Amino acid sequence: MSSRVVVLTGASSGIGRASALAFAARGDRLVLAARGADDLKKVAEACGNDPLVVPTDITDRGALDALLSKAVERYGRVDVWVDSAAVMAYGKFEDLPPEVFDRMITTDLLGSANVARTALRQFRAQGRGTLISVSSLLAHVTVPYISAYVTAKWGLRGLIRTLQHETRDAPDIHICTLAPGSVDTPIYTSAANYAGFVGRPPPPVDSAELVAGRVVRLADHPRNSASVGVTNRIIELGFTLMPPIYDALVTPLMRHGGLSRQAIEGTDGNVFGSKPREEGGPGRWTRAQVGGALAATVLGAGAAVRRLLPRN
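Take the sequence shown: its letters are residues 1 to 312, numbered as in UniProt numbering.
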């Protein structure tokens, strides 16, 4: 394996943290960036091999310029840039404070645009490089109670697709997007919330480590887009081909699957600044648990049918 220089924005938790650990395990040299310095230091200690730690807010273009300068000063180049930095807010659009909505768009869309601009400047200068933008299934479908997040991810999808057109003149520059479905990360419990109940990833839920493995594979073998989530394609097909059914089901499913029964007072979460992260949270149903529940349901139904059948 060759040792690459990998910059990760959003490296302090979730998919960014898991990706940092995965790249570190294969011997890559890391530059870790996020708003929270303390969390970054913990990730750096877990990674080993003395990563460069640069606390950075991606909404600040000057801070991103400084991040790039420090990365190039230490390592001389940037081979891969993974951007997974994001914040979230729950609540109906009408209930979200306008400043929370605006800040989310600033972070999740304009911040990611800042990252892409900074990475591309370096890739153009050196003639090669791979940008991996961690997007979401919610860049392909709409869901109630998280309007700002959906709006930002749809916008980011359009930006990344456009950048893929505009870099066709540079065959060694790759722009990739990865769309995870539900992933067990702290973004749900760290979110701003005006919905009355703590958010959670709807089942089935994948681990951040599973998504990180796909991030590393994209770095090894770049492609325009990839998806992680056993139900992603089914949900996309329902959204595209059966909109009346999708529209009838999505709100009750979000109420019961995407919002827990754990009450919460209105809060702006970590939208405006880094705050301590809470790992886990209510109702994380993994693929295996969902599969087991479905299997048990099928077996139970089969047993009930057999009991009703006449016996000779």
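Where is the CB? At the ideal position from N, CA and C, for every residue including glycine. It should be emphasised that the depicted structure is a prediction, and the values quoted were computed from it without experimental measurement.
For R124, which option in S147, A170, G91 and A86 has the closest C-alpha, if you only look at C-alpha atoms?
-> A170
State the DSSP-derived secondary structure class of A179, mapped to helix, strand or coil.
-> Strand.
Alpha carbon to alpha carbon, how far is A152 from N193? Give it in angstroms, no decimals.
-> 17 Å
Through-space distance from H165 to V5, alpha-carbon basis = 25 Å
For A293, the three-state DSSP class (helix, strand or coil) | Residue confidence for A293 is low, a pLDDT of 34 falling below 50, so the modelled location carries little weight and cannot support an answer.
Tell me whether Q262 sits in a helix, a strand or coil according to DSSP, three-state version.
-> strand
Cut-off 7 Å between Cβ atoms - residues of its own chain near Y246, not counting five sequence neighbours on either side | G238 and F239
Beta strand (DSSP E) runs wholly inside the segment 177-236, at least 3 long, in chain order = Along the segment 177-236, the beta strand (DSSP E) occurs as fully enclosed runs of 3 or more residues at 197-199 and 225-228, listed in sequence order.
Separation of V150 from V43, as counted between CA atoms | 28 Å
So, is R117 buried or exposed, given that buried needs 16 or more other C-beta atoms within 10 angstroms?
-> exposed
If you draw a straight line from the alpha carbon of V80 to that of A219, how long is it in whole angstroms?
-> 7 Å
C-beta contact flag for V183 and V205 at 8 Å = yes
Backbone secondary structure at Y75 - three-state DSSP = helix
Per-residue DSSP class, three states only, for R17 | helix
Three-way DSSP call (helix, strand, coil) for R287 in this model = Here the model assigns R287 a pLDDT of 47, short of 50, so the residue's position is not dependable, and the following value carries that caveat. Three-state DSSP puts R287 in a helix.
Which word fits G229, buried or exposed, when buried means at least 16 other C-beta atoms lie within 10 angstroms of its C-beta?
-> buried
Compute the distance between the beta-carbons of A208 and T185, then report whether it is under 8 Å.
-> yes
D102, enclosing beta strand (DSSP E) - first and last residue | It is not in any beta strand (DSSP E) - D102 instead sits in the alpha helix (DSSP H) that spans P98 to I105.
Give the secondary structure of I58 by DSSP, where H, G and I count as helix, E and B as strand, and everything else as coil.
-> coil
Use the C-beta contact count for G10: other C-beta atoms within 10 angstroms, 16 or more gives buried, fewer gives exposed.
-> buried
What separation, rounded to the nearest whole angstrom, lies between the Cα atoms of F23 and A63?
-> 24 Å
Inter-stretch contact (C-beta, 8 Å, three-pair minimum) for the segment 59-75 and the segment 28-40 = yes
Apply the 10 Å Cβ neighbour rule to F272 and answer buried if 16 or more other Cβ atoms are within range, or exposed otherwise.
-> exposed
Give the single residue among C47, A37 and S3 whose Cα lies nearest to the Cα of A20.
-> The shortest C-alpha separation from A20 is found at C47.
Pull up the CB-CB distance for P144 and M254, whole angstroms please, since I reckon it's below 8 Å.
-> 5 Å
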